[in-house]
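Each remark here refers to the structure printed beneath this line.
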Amino acid sequence: MRRIAIIVAVLAVLGLGLFWATRPKPVPVVLKEVAEGKVEATLSNTRAGTVEACLRTKLSTIIGGRIEYLGVKEGDKVKKGQLLLKLWNDDQQANAALAQAQITLSAKRVDEACIAASNAEKEAVRQSELRAKGFVSTSKEEAARTDAEVRRAACNTAKADVAQAEAKFRATRVEQGRVALYAPFDGTVAKIVGELGEYSTPSPPGVPTPPAIDLIDDSCLYVKAPMDEVDAPKIQVNQAVRITLDALPGKILPGKVRRVAPYVSAVEKQARTVDIEVDFEQPEATGKLLVGYSADVEVILAGRDKVLRVPTAAIQEGGRVLVYNADSGKLEERRIKAGLANWEYTEVVEGVQAGERIVTSLDKEGIKAGAKVTPDEKTQTKAK
1 MRRIAIIVAV LAVLGLGLFW ATRPKPVPVV LKEVAEGKVE ATLSNTRAGT
51 VEACLRTKLS TIIGGRIEYL GVKEGDKVKK GQLLLKLWND DQQANAALAQ
101 AQITLSAKRV DEACIAASNA EKEAVRQSEL RAKGFVSTSK EEAARTDAEV
151 RRAACNTAKA DVAQAEAKFR ATRVEQGRVA LYAPFDGTVA KIVGELGEYS
201 TPSPPGVPTP PAIDLIDDSC LYVKAPMDEV DAPKIQVNQA VRITLDALPG
251 KILPGKVRRV APYVSAVEKQ ARTVDIEVDF EQPEATGKLL VGYSADVEVI
301 LAGRDKVLRV PTAAIQEGGR VLVYNADSGK LEERRIKAGL ANWEYTEVVE
351 GVQAGERIVT SLDKEGIKAG AKVTPDEKTQ TKAK
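If you count the sequence shown from 1, position 258 lands on 258 in the UniProt record's numbering, and the numbers rise without skipping.
Here is the structure:
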């Protein structure tokens, strides 16, 4: 009997040891305490936005030709009305000189014709007085009057010739404008296509020809960002926005919506979007930004302070969360009623209480209701 008791005891110890060695081990999980904080309903752009200049123009000459004058280089600051580029136009200058000479010649003909007309009119008056006294015949008086009218008509014709010559000269000036580029505003030359002596080609509609000069005014900047077409109806002008740029990591810039595009952009193999334009609320605080920087915007639709909130990533399908029971070391499933939400936090109206801890590491294997878990203090410390 004693041997049997010893054998039973040994088997019991072995069984307990085997059970202890093969028992399910608690899964380490990352927990987040339910607490009060601020929750905002926000919308974010679907693709990266871009920093744009309020004024930007891509200049090309109306006609093609060889570049004869290039007065700027990339990066230069220019003033409104400054000559930037001019093509060879000796033929147009020659036509302009010819038109100017014609104006001078026509003006001299006006002097000649109008002086003759004035003298003829005086003679007609004199002949009329002589006829009244009976010294000349009626036919001679009429001939003098007719000659005066003809010469006055010639004077008027000469004046019309001057106007015609001046119009022709203005036309040559217009033609010269086709070969020159002037700055339409104060700005910076971003890019120049072409060198002195090269042939410059204009950019007709529908033909992807690069412009001769790309001019930007970087004193005024804004962000243009594409938003999902589903979110567009919720966005209004003057709504507050948070702007982040890859070039300024960790910096959040306040802004406001200034425009919502009145149409949907449909780009092949991309989601349909609506472009919005956002102004920097404090442009002096942004520092030096470059046109073309990538930017992200977060439109703030609404916000609430001091409400219970949980990480949005901790909410499963159907509005369920896993709450850690410290007494049993197991997870309990709760269904919550959510309020405002964004990608980071969700407001909880009911379902959990302040101080309770919920699981955020849902991607781990074995995480489900009833599972035995243990807080992963190391990971939790890093998360804080």
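Every residue gets a Cβ at the ideal spot worked out from N, C-alpha and C, and that includes glycine. These figures come from a predicted structure and were not determined experimentally.
Nonlocal neighbours in the same chain, by C-beta distance under 6 Å from residue i, ignoring five residues either side
i: A261; result: V274 and D275
i: A148; result: A120, E121 and A124
i: I216; result: A53, R56, G187, T188, A190 and V291
Reference residue i, options the options, closest by Cα
i: Y345; options: I336, I62, V39 and R66; result: V39
i: K306; options: G71, V349 and A144; result: V349
i: residue 385; options: N342, V359 and V352; result: Because the chain spans 1 through 384 in this model, residue 385 falls outside it and cannot be assessed.
i: E33; options: T209, K79 and L322; result: L322
i: V189; options: I252, V51 and K80; result: K80
i: E317; options: I7, L362, D161 and Y263; result: L362
i: D161; options: L248, R109, P202 and R3; result: R109
i: A112; options: A240, K159 and A313; result: Residue identity differs from the one stated: residue 112 is Glu in this sequence, not Ala. Selected option, being the one with the closest Cα: K159.
i: D214; options: D76, A240 and Q127; result: D76
i: K364; options: P28, A271, R3 and A41; result: P28
i: L84; options: A94, D90 and K73; result: K73
DSSP state of residue i mapped onto helix, strand, coil
i: Q316; result: strand
i: A369; result: coil
i: T360; result: coil
i: S137; result: coil
i: G91; result: A small fix is needed here, since residue 91 is Asp in this sequence, not Gly. In this structure, D91 counts as helix in the three-state DSSP scheme.
i: A295; result: strand
i: D214; result: strand
i: T104; result: helix
i: A21; result: Here the model assigns A21 a pLDDT of 46, short of 50, so the residue's position is not dependable and the matter cannot be decided.
i: N342; result: coil
i: A97; result: helix
i: T209; result: coil
i: I235; result: coil
i: F169; result: helix
i: S328; result: coil
i: I62; result: coil
i: G247; result: A small correction: the amino acid at residue 247 is Ala; Gly does not occupy that position in the sequence shown. Three-state result, A247: coil.
Close beta carbons around residue i, own chain, < 8 Å, minus the five adjacent residues each side
i: Q92; result: T172, E175, Q176 and V179
i: Q239; result: K256, V257, V299, I300 and L301
Contacting residues, own chain, Cβ-Cβ under 7 Å from residue i (five flanking each side not counted)
i: N45; result: A225, P226, M227, D296 and V297
i: G194; result: I67, S200 and A212
i: G355; result: E33 and V34
Cα-Cα separation, residue i to residue j
i: V267; j: R47; result: 12 Å
i: Q102; j: R170; result: 13 Å
i: K86; j: A96; result: 16 Å
i: residue 386; j: G71; result: Past the boundaries of the shown model lies residue 386; the chain is included only from 1 to 384, so the question cannot be answered.
i: F185; j: L105; result: 39 Å
i: A35; j: R320; result: 17 Å
i: A21; j: I6; result: Any reading at A21 is ruled out, since the residue's pLDDT is 46, under 50, leaving its predicted position unreliable.
i: E229; j: S294; result: 21 Å
Is there contact between the stretch 315-330 and the stretch 365-375, where contact requires at least three CB pairs shorter than 8 Å? yes
Does the structure place the stretch 308-320 close enough to the stretch 251-261 that three or more beta carbon pairs sit under 8 Å? no
Just checking, does the stretch 104-121 make contact with the stretch 144-159 on the three C-beta pairs under 8 Å criterion? yes
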